[in-house]
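Report on one structure; see the data block that follows.
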Amino acid sequence: MGINMNRRVRVRFAPSPTGPLHIGGVRTALYNYLFAKQNNGDFLLRIEDTDQTRFVPGAEEYIIEAFKWLGINFDEGVGIGGEYGPYRQSDRKPMYKQYADELLNSGWAYYAFDTPEELDSIRKQYEAEKKNFQYDCNTRGALRNSLSLSKEEVEELLHNNVPYVVRFKFPKDTEILINDLIRGEVKMNSNLLDDKVLYKSDGMPTYHLANIVDDHLMEISHVIRGEEWLPSCPLHVMLYEAFGWKDTMPEFAHLPLLLKPDGNGKLSKRDGDRLGFPVFPLQWTDPKTGDISSGYRESGYIPEAVVNILAFLGWNPGTEQEIFSMQELVEAFSIERISKSGAKFDLEKAKWYNHKYLQIASNIEIAKQFDLILKDKQINASLDYIEKVVSLVKERCSFVSDLWEQSSFFFEKPSSYDEKIIQKRWKEDTPEVLKEIIGLLDSVSDFTTENTDKIVHAFIEERQINMGQIMNCLRLSLVGAGKGPNLFDIVSMIGKEESIERINKAIEAIKK
RNA sequence: GCCCCGUUCGUCUAGUUGGCCUAGGACGCAAGAUUUUCAUUCUUGAAAUCAGGGGUUCGAAUCCCCUACGGGGUACCA
1202 MGINMNRRVR VRFAPSPTGP LHIGGVRTAL YNYLFAKQNN GDFLLRIEDT
1252 DQTRFVPGAE EYIIEAFKWL GINFDEGVGI GGEYGPYRQS DRKPMYKQYA
1302 DELLNSGWAY YAFDTPEELD SIRKQYEAEK KNFQYDCNTR GALRNSLSLS
1352 KEEVEELLHN NVPYVVRFKF PKDTEILIND LIRGEVKMNS NLLDDKVLYK
1402 SDGMPTYHLA NIVDDHLMEI SHVIRGEEWL PSCPLHVMLY EAFGWKDTMP
1452 EFAHLPLLLK PDGNGKLSKR DGDRLGFPVF PLQWTDPKTG DISSGYRESG
1502 YIPEAVVNIL AFLGWNPGTE QEIFSMQELV EAFSIERISK SGAKFDLEKA
1552 KWYNHKYLQI ASNIEIAKQF DLILKDKQIN ASLDYIEKVV SLVKERCSFV
1602 SDLWEQSSFF FEKPSSYDEK IIQKRWKEDT PEVLKEIIGL LDSVSDFTTE
1652 NTDKIVHAFI EERQINMGQI MNCLRLSLVG AGKGPNLFDI VSMIGKEESI
1702 ERINKAIEAI KK
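Each residue of the first sequence is one higher than the one before, counting from 1202 in the working numbering.
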């Protein structure tokens, strides 16, 4: 289709460091990464910090750490370096002016001296008349700019250092055609577009100018970004034309948005906290307010699962395979298979994915994470022991954070006994039978799962006791509830002394 | 308001050149099986008149038009 295979594929992820990275941004980065790797191309990280008023300390470091955790690696950019640097737009500040000047000289742009306050009041006036103000070919003649003012006036203003911005001069009656790799042809008429500011009065370019200049200089071949950029894409296309860079203009692909799970609209920070899933890859503490937003990493998600979940929110391979490693995604990914409509985040499916990944994850790695949780609870156990516990209970967990709920009895005695199980299983003669089992266990020297299992089963069969009943009571004594892995795994793990103690304690505590 | 994008089971989606779609899969849900428990796993099931209405066609979820609804944009923010 539109993809020019003769050109080296170079794509970028270009966040602005205004806070933690939104999960939608992570997906955009992931798609860029997959596309680059599939085509043996380069994936770069560029920091778009042209708005100095919105700078948030720590955001850049956060972004780099998040991608590191996810296994989405950059070939070039901030924190890595490369031939096309610097990769932070604030560090590129000196180079933008000449491009603004070039457009000024060629007539594609003009000086505008209207102050923000003036424009504000004009907007309000229009609003009062239920009209919409736009700085465009119809209004620019009546505003204060180098198109409406005389040459002398303009020169004087500039000479007196009156603040100005540089605006793009959209030509009249021009159809602008975008060939979007996801949406196909999108047409827009220049008369409806406004003369966007390219260069601000503080000497910084706006996103529009900076991204075109940088993409060109960095030889970006494909721009894969969110749908919110589609409306300003005609401007970008026109800028390539104005600079005479049309023949190397990147191809565009505008991704559908990530929507909130209930209702409609863009997924926002608040939705996550409200609905119980993270909106950010890593936990984030707002430096100003101290507010904490949860992250996937801290919530016990496995990075490979997050990648898989995100990959499938807006893309699918067209096969019935659901589980994809990063390498498989690189091979299977294609821009043509990205859907056009927004996708809602589904917490249940995310859980299912994480469960799947937890099962294939290495037990020792999970154990290390679980150890942190245990330490938090003042519980010290050997990593070996924790690893064994993980192997026994992880199939009933979706997250590392579920582990405690499913395995606390491996580390401490039950503090209560499930009332329902008592009602259903605890009979009058139960204490008596349990006492016999205590004696039995006490006499066992080989306290392995297999041996204790064999001996207790033999006893129950010999005495013709109701298996379900006594086993459940035994479990209740050891676990405190009707859950958990094989009973004799528990018995052998906690050991003879502890097992006997727990059974005795249960006999005393449970009276019917 | 204006401009742009979108609309298949509750959710993610398959359905690319119109016929094999009595619309497939996954999550979730329900039932059953396995299990001494919980969970896992397995089997089965319910679940979309393809937003609605007009065309085009022998034939449309697939092409065209209109309407509705949803979303995005409309800053000296990205």
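Beta carbons: idealized from backbone N, C-alpha and C, even for Gly. The model shown is predicted, which means the values in this text are computed figures rather than measured ones.
Output the distance between the C-alpha atoms of residue i and residue j, rounded to the nearest integer angstrom.
i	j	result
residue 1440	residue 1414	9 Å
residue 1186	residue 1297	Given that the chain is displayed from residue 1202 to residue 1713, the structure contains no residue 1186 and the question cannot be resolved.
residue 1203	residue 1448	Note that residue 1203 scores a pLDDT of 41, beneath 50, so its modelled location is shaky and nothing firm can be said.
residue 1311	residue 1455	29 Å
residue 1295	residue 1349	29 Å
residue 1648	residue 1565	24 Å
residue 1576	residue 1504	23 Å
residue 1663	residue 1652	16 Å
residue 1717	residue 1269	It is not possible to answer for residue 1717, since the shown part of the chain is limited to 1202 through 1713.
residue 1230	residue 1213	8 Å
residue 1541	residue 1425	13 Å
residue 1331	residue 1325	9 Å
residue 1240	residue 1273	16 Å
residue 1228	residue 1679	45 Å
residue 1536	residue 1371	31 Å
residue 1263	residue 1299	32 Å
residue 1385	residue 1378	10 Å
residue 1336	residue 1513	41 Å
residue 1694	residue 1625	27 Å
residue 1373	residue 1319	25 Å
residue 1341	residue 1334	11 Å
On the premise that residue j lies in contact with residue i, defined as a C-beta separation below 8 Å, what is that separation, rounded to the nearest angstrom?
i	j	result
residue 1599	residue 1555	5 Å
residue 1243	residue 1292	The pair is not a contact, with the Cβ atoms about 19 Å apart (cut-off 8 Å).
residue 1677	residue 1683	7 Å
residue 1771	residue 1530	Here the chain comprises residues numbered 1202 to 1713, so residue 1771 is not present and cannot be evaluated.
residue 1591	residue 1567	5 Å
residue 1685	residue 1618	Not really, about 14 Å apart at Cβ, beyond 8 Å.
residue 1467	residue 1460	7 Å
residue 1634	residue 1666	6 Å
residue 1697	residue 1614	Not quite, the Cβ-Cβ distance comes to about 15 Å (not below 8 Å), so this is no contact.
residue 1431	residue 1387	7 Å
Would residue i pass as a contact of residue j if the rule is Cβ separation under 9 Å?
i	j	result
residue 1290	residue 1411	yes
residue 1346	residue 1315	yes
residue 1338	residue 1396	yes
residue 1369	residue 1462	no
residue 1245	residue 1265	no
residue 1451	residue 1423	yes
residue 1601	residue 1501	yes
residue 1610	residue 1691	yes
residue 1627	residue 1701	no
residue 1361	residue 1375	no
residue 1516	residue 1232	yes
residue 1401	residue 1219	no
residue 1687	residue 1650	yes
residue 1237	residue 1210	yes
residue 1574	residue 1553	no
residue 1399	residue 1366	yes
residue 1519	residue 1428	no
residue 1548	residue 1478	yes
residue 1587	residue 1572	yes
residue 1288	residue 1323	no
residue 1253	residue 1403	yes
residue 1608	residue 1593	yes
residue 1344	residue 1313	yes
With burial defined as no fewer than 16 other Cβ atoms inside 10 Å of the residue's Cβ, what is the status of residue i: buried or exposed?
i	result
residue 1207	exposed
residue 1364	exposed
residue 1256	exposed
residue 1703	buried
residue 1185	Within the shown structure, residues of the chain are numbered from 1202 to 1713, placing residue 1185 beyond reach of any answer.
residue 1183	A query on residue 1183 cannot be resolved here, the shown segment of the chain reaching from 1202 to 1713 and no further.
residue 1416	buried
residue 1216	buried
residue 1421	buried
residue 1354	exposed
residue 1224	buried
residue 1524	exposed
residue 1472	buried
residue 1443	buried
Comparing the CB of residue i with every heavy atom of the ligand ATP, is any distance shorter than 8 Å?
i	result
residue 1348	In the structure shown, the ligand ATP is absent, as is every other ligand, since no ligand is present at all.
Jot down the residue ranges of each uninterrupted alpha helix (DSSP H) in the region 1434-1513, minimum 4 residues, whole runs only, in chain order.
1434-1444, 1470-1476, 1504-1512
Along the chain, which unbroken stretches of the alpha helix (DSSP H) at least 4 residues long are found entirely within the region 1555-1596?
1564-1577, 1584-1594
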